[in-house]
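Mind the numbering: the sequence shown is residues 1 to 474 in the numbering used here, read in order. Built from N, CA and C at the ideal position, the CB exists for glycine as well. Nothing here was measured: the structure is a model prediction, and the numbers come from that model. Worksheet: the structure to be examined is printed underneath.
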Amino acid sequence: MKWIRKDEITKQIKGKRFFKICGEIVFFYGVLVLLNHLLYPDIPVFYGISPHPFWIGVLFFPLRYGWSAGLVSGLVSSSLYLSLVYLKGDPYLFEDYLFYIIPSLFLMVGVLIGVGIESFIRRLHQREDDIEKQKQEISALGSNKKFLESVNAGLEKKIVSQMSTIVTLYSGARKLESLNRETIYPAMLDFFSETLEASESAIYLLEEDRWVLKYQKGWQDYHRRKNILDRTEGLIGQAGSTGKIVSVRDFLRSEKDSSPIGLLGDAMIAGPLKREDGEVIGVYSIQNIPFLRFTSTSLNLLSLLLDWASHSLEKVYYFEELYSKTIIDEIYNVYQHHYFQSRGKQEFLRSKTYYLPFSVVLIRLKNLTTYPKEVQLNLLQVVSRFLNHQSREIDIVTKFGEEDIPFALLLLTTSKEGAMEVCQDLRKSFHQLHLGDFQGKGELLNIEFGVGSFDPKIKTFDQMVQKAGENWVL
């Protein structure tokens, strides 16, 4: 059974639908009267039959159409019941008040069922409306939940991204604290590349008015990269010569006749590495960066990083300047390498002027690099103390600066023969130390001496040191 809404029921009384319903009711009761006439001609309007067939219409029509249909079906049932009984010639029944109970019930039951069913339908539709509202609220809550989940995911991603950025910045800042020129450039390369998400990058340094590749990250053997560029060549040269950050777009815009093919092996972005006085000492270049990162924001970030690097480089140069003024190495308690150079040149000129004997001894530790870094440091400290203790008072123990030749001796007023004797004594004493032998395990540290002595044919101190590097005594 299809229930009709309240507003539709209200329209039934005023609209065409009401007349259609009345037609259905009249037709239904007409059929009942016809059946009564055909089947029970002696029984007017099914009088005495229980339950009375008119109850079918009284019950059905209000259930189907509401109180208006119940009123009409009740009136029709009552009217037919009374009129047909009267026409059949049984007027005496009208004198019995019990006779009026059934037609009265037809009317009352029809109206009451119609009113009840409308009330039920109204509550039903109200419940449907409430359910629909709840569905909408649930849908809204679901949408709100999805929105909050997306916001939460975005916040988590942002927090993770910020944490990653903080970790990257902290790690980069620690690396840029280095005061060693050999380690700060690789640290810059790693820090800049990670921050800018550059998969291929490099650092070129200025040497003899040319840009020379010193450090690179992410390059492959098949890449067409230039190791040396002229002062103003390509994107890297333009960044270094102008002291400004330059990108491919800037380069193509400034060079009318330029072609992208000419940039192969150059860079997409390049920025100058400066000292605080503005002197350009190198160029950081990016050869490959994600398309979405190739933005003005990345260029601004690179400018900030380069400025940061400038302050770090200035500290390195300042430290090196101070270090150059210090003649004693604090770790090994021997003279610095620059003192070896300056004092050696002085003694060489004195020997050349007065024809005095003078020798240089380079000390090489052959298998030093086979030990761990911590062990190497300890061994070098032991060797430096050994040299200070075993050398003569007139001898000068210095650092030499090469990994396998850590120390050198300046033997004043010592001929080649005297230098050989000094080396023999040092070798004997050194072997007694058994350095590198840890409780009978490990390879002993071997020492070799390179001897160079003054000769009038030698023109410079550097040539004398070179001779020492060619004349090794086991």
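Taking just the CA atoms, how far does residue j sit from residue i?
i      : j      : result
HIS389 : LEU229 : 50 Å
GLN162 : VAL397 : Residue placement at GLN162 is poorly supported in this model, since its pLDDT is 48, which falls under 50; the coordinates are not used for a value here.
LEU205 : GLN424 : 44 Å
THR413 : VAL465 : 16 Å
GLY218 : PHE461 : 42 Å
PRO41  : PRO103 : 21 Å
LEU273 : ASP209 : 15 Å
ILE236 : VAL212 : 11 Å
PRO357 : GLY452 : 11 Å
VAL111 : LYS135 : 35 Å
LEU107 : LEU80  : 12 Å
GLU194 : ASN180 : 21 Å
LEU34  : ASP129 : 45 Å
GLY234 : VAL248 : 10 Å
TYR332 : PRO290 : 48 Å
PRO456 : PHE319 : 38 Å
LYS325 : SER342 : 12 Å
ARG427 : ARG385 : 15 Å
ILE121 : SER150 : 42 Å
ASN367 : VAL383 : 14 Å
VAL109 : ARG123 : 21 Å
ALA153 : ILE113 : 58 Å
ASP250 : LEU322 : 40 Å
SER78  : ILE117 : 21 Å
GLY240 : LEU387 : 46 Å
Classify residue i: buried if its beta carbon has 16 or more other beta carbons within 10 angstroms, exposed otherwise.
i      : result
ALA309 : buried
HIS52  : buried
THR232 : exposed
ASP266 : buried
PRO406 : buried
PHE348 : buried
GLY243 : exposed
ALA69  : buried
GLY344 : buried
GLN238 : buried
LEU474 : exposed
PHE147 : exposed
VAL31  : exposed
ALA140 : exposed
ILE184 : buried
ASN144 : exposed
Have a look at the options and flag the residue whose alpha-carbon is nearest the alpha-carbon of residue i.
i      : options                        : result
GLU200 : ASP130, LEU189, LEU433, LEU34  : LEU189
VAL246 : VAL473, GLY271, ASP266         : GLY271
HIS337 : LYS133, LYS399, HIS434, ARG17  : LYS399
GLU443 : HIS431, LYS145, PRO290         : HIS431
VAL26  : GLU276, GLY74, ASN300          : GLY74
VAL361 : GLU321, GLU402, PHE340, ALA408 : ALA408
ASN300 : LEU124, PHE192, GLY116         : PHE192
GLU403 : SER150, SER77, ARG364, GLN381  : ARG364
GLU279 : GLU470, GLU314, SER178         : GLU314
LEU380 : ASP329, GLU137, ILE394, THR353 : ASP329
SER351 : ARG392, SER415, ASN378, MET420 : SER415
PHE28  : PHE54, ILE49, LYS133           : PHE54
LEU196 : LYS145, TYR284, GLY240, TYR354 : TYR284
VAL475 : THR353, VAL58, ARG293, GLY436  : With the chain covering only 1 through 474, there is no way to say anything about residue 475.
What is the DSSP secondary structure of residue i, reduced to helix, strand or coil?
i      : result
ARG392 : coil
LEU412 : strand
GLY475 : Outside the shown range of the chain, which is 1 to 474, sits residue 475, and nothing can be said about it.
GLN140 : Residue 140 is actually Ala in this sequence, not Gln. If DSSP states are grouped into helix, strand and coil, ALA140 belongs with the helices.
THR326 : coil
GLU118 : helix
THR398 : strand
ASN300 : helix
ALA267 : coil
SER312 : helix
ARG364 : strand
PHE358 : strand
ILE21  : helix
SER178 : coil
ALA198 : coil
ASP404 : coil
SER272 : In the sequence as displayed, the identity of residue 272 is Pro instead of Ser. Residue state, collapsed to three classes: strand.
VAL246 : strand
GLU149 : helix
ILE281 : strand
LEU426 : helix
ASN36  : helix
PHE449 : strand
Any beta carbon from chain B within less than 8 Å of residue i's own beta carbon?
i      : result
VAL111 : Of the protein chains in the structure, only one exists, and it is not chain B.
Stretch-stretch touch, CB-based, cutoff 8 Å, three pairs: the stretch 447-454 with the stretch 369-380: Remark: fewer than three beta-carbon pairs, one from each stretch, lie closer than 8 Å, so the stretch 447-454 and the stretch 369-380 are not flagged as touching.
Any contact of the stretch 65-81 with the stretch 20-29, i.e. 3+ C-beta pairs under 8 Å? Result yes; three or more Cβ-Cβ pairs closer than 8 Å.
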